[in-house]
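Chemist: A single structure is presented below for examination.
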Amino acid sequence: MLNKYARAFFTRVLTPFAAFLIRRGVSPDTVTLIGTAGVVAGALVFYPMGEFFWGTVVITLFVFSDLVDGNMARQLGRSSRWGAFLDSTLDRVADGAIFGGLALWYAGSGDDNVLCAVSIFCLASGQVVSYTKARGEAIGLPVAVNGLVERAERLVVSLVAAGFAGLHKFGVPGIQYLLPIALWLVAVGSLVTLVQRVVTVRREAAEADAAAQDSRGTEAAK
Numbered sequence: 774m775l776n777k778y779a780r781a782f783f784t785r786v787l788t789p790f791a792a793f794l795i796r797r798g799v800s801p802d803t804v805t806l807i808g809t810a811g812v813v814a815g816a817l818v819f820y821p822m823g824e825f826f827w828g829t830v831v832i833t834l835f836v837f838s839d840l841v842d843g844n845m846a847r848q849l850g851r852s853s854r855w856g857a858f859l860d861s862t863l864d865r866v867a868d869g870a871i872f873g874g875l876a877l878w879y880a881g882s883g884d885d886n887v888l889c890a891v892s893i894f895c896l897a898s899g900q901v902v903s904y905t906k907a908r909g910e911a912i913g914l915p916v917a918v919n920g921l922v923e924r925a926e927r928l929v930v931s932l933v934a935a936g937f938a939g940l941h942k943f944g945v946p947g948i949q950y951l952l953p954i955a956l957w958l959v960a961v962g963s964l965v966t967l968v969q970r971v972v973t974v975r976r977e978a979a980e981a982d983a984a985a986q987d988s989r990g991t992e993a994a995k
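Terminal number for the sequence shown in this note's numbering: 995, no gaps in between.
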């Protein structure tokens with residue numbers, strides 16, 4: 774749902790900024806690289822120190838590059854396989870940095886091995902969820918399911934919770950518990966999504982194999 778509605782809204786909002794960058798001679802690939810570098814820096818510098826509010830502010834400023842670079846490519850008429858590959862690859866890097874930064878906090882000063890493990894699970898499951906769709910499509914299947922929690926949902930839930938949890942340092946009581954709750958929600962949602970996609974790929978693969986076998990049988994009968 775977030776991909777359908779929020780992405781369309783922010784694409785419209787960011788179109789003038791994308792046009793401005795184009796006029797300044799900035800390429801979409803440059804925006805992709807800078808955006809990823811900013812997200813990684815924000816996550817791995819601030820989160821391990823427990824600075825969730827400021828880390829989330831920095832990450833949020835750069836995470837919109839994922840929409841800006843695509844917008845620029847469309848305005849330039851330069852949508853390419855390389856651009857799509859680079860964007861998708863660096864998305865995985867950014868996601869890994871966010872959950873890795875949280876895991877480092879809980880492994881260190883956060884002193885919570887369970888939440889460290891949950892953060893690592895969120896990191897790994899997010900990568901595998903993306904892989905299942907990419908691998909299914911690579912073997913010629915449509916993978917006609919998105920699942921409960923996609924990348925947009927993982928990021929929004931985690932970043933919003935981390936940002937609010939960071940307000941604990943400004944004297945807001947009890948709000949730090951939002952982040953652990955969010956991590957558990959993302960972990961469970963990612964697991965459900967992974968199962969949904971695996972089941973879908975299994976069904977589509979069986980249907981494709983059956984169709985291919987029927988086709989061979991028809992040809993042989995001729």
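Glycine residues also receive a C-beta, built at the ideal position from the N, C-alpha and C atoms.
(1) What is the C-beta distance between R908 and S963, in whole angstroms, given that I count them as a contact (C-beta under 8 Å)?
(2) So L914 is in the alpha helix (DSSP H); what residue range does that whole segment cover?
(3) With contact counted as at least three CB pairs below 8 Å, one residue from each stretch, are the stretch 822 to 831 and the stretch 781 to 792 in contact?
(4) DSSP state of N919, grouped into three classes?
(5) Give the range of the alpha helix (DSSP H) segment to which Y879 is assigned.
(6) Taking only three categories from DSSP, how would you classify F837?
(7) Span of the alpha helix (DSSP H) holding P801?
(8) Classify F894 as buried or exposed, calling it buried when 16 or more other Cβ atoms lie within 10 Å of its own Cβ.
(9) For the alpha helix (DSSP H) that L928 lies in, which residues bound it at each end?
(10) Drop a sphere of 10 angstroms on the beta-carbon of L834, count the other beta-carbons inside from all chains shown, and report buried for 16 or more, exposed for fewer.
(11) CB T905 to CB L859, shorter than 9 Å?
Modeler: The relevant details are as follows:
(1) With a Cβ gap of about 17 Å, R908 and S963 do not count as contacting.
(2) Note, L914: premise wrong, no alpha helix (DSSP H); not H, not E.
(3) no
(4) coil
(5) 854 to 880
(6) coil
(7) Following the DSSP letters along the chain, one finds P801 inside the alpha helix (DSSP H) bounded by residues 801 to 819.
(8) buried
(9) 924 to 938
(10) exposed
(11) no
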